[in-house]
Amino acid sequence: MTWTRGNGAEQGTNVGDSLKSAVMTSASANRAVRTVRRGVALQPVIDLIDRVDLGYEAQPRPAEASPRAVITAALALAQHTGPAVLLVPLHRDVLTADDFGLAALAQRHGVNPGELAWVVQTETDLDDCGIRRLQELRELGFLLAVDGVLSPTLERRLIADLRPDFVFLDQSVPARLHDNEVAMAGLAAAVVYVARLGGRIVARGIDTKATAAAVAELGVQYGVGPHLAHPLVVDAELAEPMDEVVPVAWFQRREVRVFRERGDTLSAPIGMTSLPRTGGPLDDRSFARFLVDAARTLQAEHDPERILEIAAERVAEVVTADRLAIFEADWERHRFRPRVLAGRGIEGFNEMEVSLNEGITGWAFGRGQPYRCADTDSHPAASTIPGTAREPESLLAIPLIAGDQRLGILDVWRDGLDAFTEEDLERCALLGFITAAAWSNAQMYGELERRALTDALTGLFNIRWWRDMGPRVMSQSLRTGTGVGILLLDLDYFKRVNDTAGHAAGDSVLRAVARAIRRVVRDSDYAVRYGGEEFLIVLTNSTVEGAMRVAQALQTAIAELRAPTPAIEQVTASIGVAVFPDHGEELDDVVTAADLAMYQAKRDGRDRIAVAPISLRELSGDDPSDDRLS
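Mapping of the sequence shown onto my numbering: residues 6 to 635, in sequence order.
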């Protein structure tokens with residue numbers, strides 16, 4: 006338990022306290038008279054598009070709790086809130102203190118820097134020291150947020166210096182949007198400005214459905230307010246009016262939006278295709294049969310890429326077009342991502358970053374209705390693809406919307422003025438409707454498939470995924486002639502954690518280990534919860550030496566985790582290392598070799614790394630299933 010006295014200075018931490026004790030900090034104006042509980046409430050930050058949690062903002066309980074007490078109490082909950090982002094207020098006194106050590110404090114609590122955002126207020130008078138320390142936190146992998154922003158352009162210097170990952174608007178901003186075109190234009194411009202710097206805007210004061218819709222229409226994706234969720238506390242004695250009391254297990258049951266690192270883009274490829282020439286106009290009866298066939302074909306597909314390719318082909322069979330593009334809405338970056346491009350002169354979109362409210366495409370997307378433009382050059386929102394000449398052309402813009410989910414937009418161009426008819430618009434709109442439905446279903450199918458292959462507790466792949474993916478990894482290795490490193494990692498004395506601190510503490514350790522693994526391995530590697538407290542790490546294009554380096558890095562990262570109970574001084578792991586094809590002709594044989602090596606590490610004293618010998622007979626010894634080797 007962390008104690009604060011008078012000025013809130015941190016005195017020490019006893020890691021063996023219960024969760025309830027860890028969440029609270031104590032302060033006393035007069036220690037002889039009374040002790041005051043200190044803790045935090047967690048205010049969910051909600052995705053306005055699909056209503057899942059992006060993160061939780063720590064709020065002091067009671068309101069006069071010292072800044073350091075709030076930080077300590079929030080970090081004590083971080084092991085339960087991940088992988089959602091935990092947003093913690095950072096007071097100037099803490100930021101500029103001589104004993105500034107937030108990174109070390111977060112590390113002692115086992116917090117993944119990529120899941121922790123430090124929040125500074127706009128009225129904070131940051132000097133060069135404060136800016137430098139915030140930038141140091143950024144370099145260590147922590148996220149940054151600025152709160153209380155009336156207009157990002159007014160706070161241009163602060164936002165430009167910090168490049169915050171989140172910009173919290175002052176709660177008065179949404180209230181000014183009602184029938185105020187100037188305020189709406191200002192917010193739309195702010196969304197583009199912040200997105201260009203790699204940040205996300207969060208709107209405060211979301212108190213009604215209408216307010217949520219108003220800010221979402223202008224491109225704001227995240228919000229905070231009573232309409233979305235009330236603050237959460239895990240200790241009923243800390244609750245204030247409107248707070249909701251929840252158990253710590255509540256956070257692990259919530260679906261969260263995993264925050265993508267700055268600079269990430271959609272991984273889907275851009276499909277370049279040609280436009281088939283139509284065989285002539287279809288009458289109503291022929292078009293009806295065509296539409297039924299297109300719907301069946303699209304609904305049978307579960308691959309979003311193929312769905313969009315089929316949609317482009319079918320559109321070109323219905324209307325004569327010179328150019329065609331299907332864009333996906335990347336709400337995280339507030340950009341259109343081209344997914345299918347067809348026709349001459351369309352290649353320029355490969356290198357373009359188009360805002361969700363830019364050009365005729367952005368205007369039609371925001372409007373949410375199919376639109377026929379007779380002259381793209383004369384439209385007030387018109388813009389030109391770089392490197393192309395402005396020529397007379399017509400455009401059909403079909404927003405792809407399924408329910409309340411705006412997925413993207415279909416653009417169809419034809420040379421010449423007023424070249425499309427209302428019938429062309431209607432038919433493309435119908436195709437757009439069934440395309441959006443199929444695309445949405447494919448995304449949901451993919452999400453269900455992902456969940457079926459993902460361990461719910463740790464977020465890593467599960468054994469089912471490995472059974473499906475293992476043969477592919479082996480085939481790719483044989484095809485490319487590169488090795489595959491296999492690490493079998495088993496936590497030492499894990500049964501003691503469950504027996505002495507409870508299964509909730511054990512779950513927290515497993516999640517912390519999973520986060521440590523994700524920090525160490527490369528994007529091209531795979532991490533699997535193999536069962537219980539055992540983890541399988543698959544290292545592509547690896548050697549024995551490379552696998553050993555990863556194992557050593559994992560050993561260090563796990564040793565730095567906070568122990569959950571005094572019964573265990575430190576979290577440690579025994580790791581077995583093997584490489585395909587050196588240690589087996591089949592990948593399953595290599596996993597067995599790594600497993601035997603891991604048990605050899607346990608027999609040698611635990612908290613060790615053992616490399617499997619080429620001959621598995623060298624690993625003869627005790628039965629690896631012996632319960633004593635836990």
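Think of the CB as a built atom: it goes at the ideal place given N, C-alpha and C, for glycine as much as any other residue.
Exposure of residue 161 is indicated by the presence of fewer than 16 other C-beta atoms within 10 angstroms of its C-beta.
In the structure shown, residue 349 falls within a coil segment according to DSSP collapsed to helix, strand and coil. A contact between stretches requires three or more CB pairs, one per stretch, nearer than 8 angstroms, and the segment 545-564 fails this requirement with the segment 442-458. When C-beta atoms of the segment 250-260 are compared with those of the segment 202-221, fewer than three pairs fall below 8 angstroms, so the two segments do not count as touching. Here DSSP, grouped into helix, strand and coil, assigns residue 574 to coil.
Residue pairing of residue 228 in beta bridges, as defined by DSSP: 51, 208. Straight-line spacing of the CA atoms in residue 550 and residue 86 works out to 36 angstroms. At a Cβ-Cβ threshold of 9 angstroms, residue 492 and residue 406 do not count as neighbours.
With a beta-carbon spacing of about 6 angstroms, residue 90 and residue 120 fall inside the 8 angstroms limit used to define contacts. Non-local C-beta neighbours of residue 443 in its own chain, meaning closer than 6 angstroms and more than five positions away in sequence, comprise 303, 304, 312, ordered along the chain. Under the 8 angstroms Cβ criterion, the segment 474-482 does not count as touching the segment 327-345, having fewer than three qualifying pairs. The Cβ atoms of residue 555 and residue 567 do not sit closer than 9 angstroms to each other. In chain order, 87, 520, 524 place their CB closer than 7 angstroms to the CB of residue 117, counting only its own chain and leaving out the 5 sequence neighbours on each side. For residue 534, the enclosing beta strand (DSSP E) begins and ends at 531-536. One Cα belongs to residue 348, the other to residue 438, and the distance between them is close to 23 angstroms. Listed in chain order, the non-local C-beta contacts of residue 414 below 8 angstroms within the same chain comprise 331, 332, 334, 341, 366, 369, 370, 402, 403, 404, 405, local neighbours out to five positions each way being set aside.
Residue 100 has its alpha-carbon roughly 14 angstroms from the corresponding atom of residue 150.
With 16 or more other Cβ atoms inside 10 Å of its own Cβ, residue 83 counts as buried. The beta carbon of residue 296 sits closer than 7 angstroms to the beta carbons of 435 from its chain, once the five residues preceding and following it are set aside; these are given in chain order.
For the pair residue 534 and residue 465, the CB atoms are nearer than the 9 angstroms cut-off. Look at residue 202 here: in three-state DSSP terms it is coil, with no helix or strand label. Separation of residue 310 and residue 344 (C-alpha to C-alpha, rounded to the nearest whole angstrom) is 8 angstroms. When DSSP reads this structure, residue 126 sits in a beta bridge with 152. Taken in chain order, the complete alpha helix (DSSP H) segments of 4 residues or longer contained in the segment 438-505 are 468-485. Around residue 553, the same chain offers 582, 614, 616 as residues with beta carbons nearer than 8 angstroms, after the five sequence neighbours per side are excluded. Among the bridge pairs identified by DSSP, residue 418 is matched with 328, 400. By the CB criterion at 9 angstroms, residue 192 and residue 167 fall outside the cutoff.
By the neighbour-count criterion, in which a residue is buried when 16 or more other Cβ atoms sit within 10 angstroms of its Cβ, residue 70 is buried. Taking 9 angstroms as the cut-off, the Cβ atoms of residue 308 and residue 509 do not count as close.
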